[in-house]
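End of the sequence shown = 285 in the UniProt record's numbering, gap-free, step of one.
Think of the CB as a built atom: it goes at the ideal place given N, C-alpha and C, for glycine as much as any other residue.
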Amino acid sequence: SGWSETWTYVDGTWHAGNPPLMGPRTHAAWLGSSVFDGARFFEGVMPDLDLHCRRVNDSAVALGLKPTMNVGAMIELTQEGVARFAPGTAVYIKPMYWAEGDGPGVILGDPDSTRFCLCLFEAAMAPKDAAMSVTLSPFRRPTLETMPVNAKAGCLYPNNARAMGEAKARGFDNAVVLDMLGNVAELTSANIFMVRDGEVHTPVPNGTFLNGITRQRVIALLRKAGYAVHERTLAYREFLEADEIFSTGNYSKVVPVKRIESRDLQPGPVAARARELYWDFAHA
Ligand code: PMP
Numbered sequence: 002s003g004w005s006e007t008w009t010y011v012d013g014t015w016h017a018g019n020p021p022l023m024g025p026r027t028h029a030a031w032l033g034s035s036v037f038d039g040a041r042f043f044e045g046v047m048p049d050l051d052l053h054c055r056r057v058n059d060s061a062v063a064l065g066l067k068p069t070m071n072v073g074a075m076i077e078l079t080q081e082g083v084a085r086f087a088p089g090t091a092v093y094i095k096p097m098y099w100a101e102g103d104g105p106g107v108i109l110g111d112p113d114s115t116r117f118c119l120c121l122f123e124a125a126m127a128p129k130d131a132a133m134s135v136t137l138s139p140f141r142r143p144t145l146e147t148m149p150v151n152a153k154a155g156c157l158y159p160n161n162a163r164a165m166g167e168a169k170a171r172g173f174d175n176a177v178v179l180d181m182l183g184n185v186a187e188l189t190s191a192n193i194f195m196v197r198d199g200e201v202h203t204p205v206p207n208g209t210f211l212n213g214i215t216r217q218r219v220i221a222l223l224r225k226a227g228y229a230v231h232e233r234t235l236a237y238r239e240f241l242e243a244d245e246i247f248s249t250g251n252y253s254k255v256v257p258v259k260r261i262e263s264r265d266l267q268p269g270p271v272a273a274r275a276r277e278l279y280w281d282f283a284h285a
């Protein structure tokens, strides 16, 4: 049904493909109590896998679920699965938790019914010369008061999907999403950076967007390489005037922006250097 090669570990067993896991009473399918994370296996490495495993456990706790896998066991399971099924390919690594049953009062998932699966699937890496166009989204990131934005939760993503769909309908590859105060937050599923006069700027985490693991890694690598990186409040106008814009995220790592609205941008040296530093780190 259009799935790439997929392997799923659930309840002690590996399955080929996409085994059915939920019924109409499953809380996650009904009321959205699922959390996940996304890591990568590519070129034989799994950079920051430990941080992704820790984050999915933190996301579970944020939704009132009980994470049942410790980080060490999740890493071992991932290593086992990748070595067994897909040693020579690029893989997306997706651990998930969800509530199977109702909790007290129907709305909360029952924490004691928390289930876990690890889904691995083949997903090619973006080519080295990939670049994207972006536009301002009319949709915004919710705040912690309106949604559990401190979790990587499935229930947040319909908002990201409509931002992406709206941008695509206008001919762009991705959307810049603002926070509720009107400052730049992130792209639809990646963090955003810009470069002005050789210095790097990226939105300061303010609780409305995911403080990505790749974001934090790239900031540390750029600083170590001598770049000034400013985490601060950024207006969209500053992106319109940037020398360079690029994204970070586990899926595609570092991707430059080649057009913002009607303005063409050259994929620049800082994005290229950030990508190179990430690859050096990943293979170190
Ligand atoms: N923001 C959102 C909404 C995302 O889904 C992702 C991808 N996980 C990111 C940012 C980038 O985070 P990371 O570097 O941890 O993959």
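Checklist entry - Considering only C-alpha positions, which residue in the set C118, R85, A168, S35 is nearest to H111? => result Sequence check: residue 111 is Asp here, not His. When only C-alpha atoms are compared, the closest one is S35.
Next on the checklist: Looking at ligand 1, does it come within less than 6 Å of N251, judged from the CB to the closest heavy atom?
Outcome noted: yes
Item to check | Neighbourhood of A236 by C-beta distance below 6 Å, restricted to the same chain and skipping five residues each side | outcome: None.
Next on the checklist: What does the alpha-carbon distance come out to for the pair residue 290 and A154?
Outcome noted: Any answer about residue 290 is impossible in this case: the structure gives the chain only from 2 up to 285.
Item to check | Whole-angstrom C-beta distance between A87 and L121, which should lie under 8 Å | outcome: 7 Å
Item to check | Proximity test, S35 beta-carbon vs ligand 1 heavy atom, cut-off 6 Å | outcome: no
Checklist entry - Where does K129 land, buried or exposed, given buried means 16+ other C-beta within 10 angstroms? => result exposed
Next on the checklist: For ligand 1, I want to know if L145 counts as a neighbour, meaning its beta carbon is within less than 6 Å of at least one of the ligand's heavy atoms.
Outcome noted: no
Next on the checklist: For R142, which residues in the same chain have their Cβ closer than 8 Å to its Cβ, ignoring the five residues on either side in sequence?
Outcome noted: V150, N160, V178, L179, D180, M181, A186, E187, T209, F210
Checklist entry - When the Cα atoms are used, what is the spatial distance from Y10 to G102? => result Each residue's Cα considered, the two are about 20 Å apart.
Checklist entry - Three-state secondary structure (DSSP) at N160? => result helix
Next on the checklist: Tell me whether G39, by its Cβ, gets closer than 6 Å to a heavy atom of ligand 1.
Outcome noted: yes
Next on the checklist: Here's the rule I'm using: 16 or more other beta-carbon atoms within 10 Å means buried, otherwise exposed. How should S5 be labelled?
Outcome noted: exposed
Next on the checklist: Can you tell me which residues form a DSSP beta bridge with R200?
Outcome noted: One point to set straight first is that residue 200 is Glu, not Arg, in the sequence displayed. According to DSSP, which records beta bridges pairwise, E200 is partnered with R197.
Item to check | Beta bridge counterpart(s) of V258 as assigned by DSSP | outcome: M133
Item to check | Cβ distance (whole Å) where F42 is taken to contact V92 below 8 Å | outcome: The C-beta separation of F42 from V92 comes to about 4 Å, placing the pair in contact by the 8 Å criterion.
Next on the checklist: Quick check on DSSP: helix, strand or coil for R142?
Outcome noted: coil
Next on the checklist: Taking 6 Å as the cut-off, is the C-beta of G213 nearer than that to any heavy atom in ligand 1?
Outcome noted: yes
Item to check | Cβ contact check for the region 46-59 and the region 210-220: 3 or more pairs under 8 Å | outcome: As far as the Cβ criterion goes, the region 46-59 touches the region 210-220, which means the pair count is three or higher.
Item to check | Buried versus exposed, by CB contacts within 10 Å (16 or more), N175 | outcome: buried
Next on the checklist: Just verifying my parser: in three-state terms, what is the DSSP assignment at T69?
Outcome noted: coil
Checklist entry - Taking the alpha helix (DSSP H) that A29 falls in, what are its first and last residues? => result 28-32
Checklist entry - Heavy atom of ligand 2 less than 6 Å from the Cβ of A191, yes or no? => result Ligands present in the displayed structure are limited to ligand 1, and ligand 2 is not among them.
Checklist entry - Could you give the residue range of the beta strand (DSSP E) that holds I246? => result 245-250
Checklist entry - What whole-angstrom Cβ distance do V196 and D244 have, given they're in contact under 8 Å? => result 5 Å
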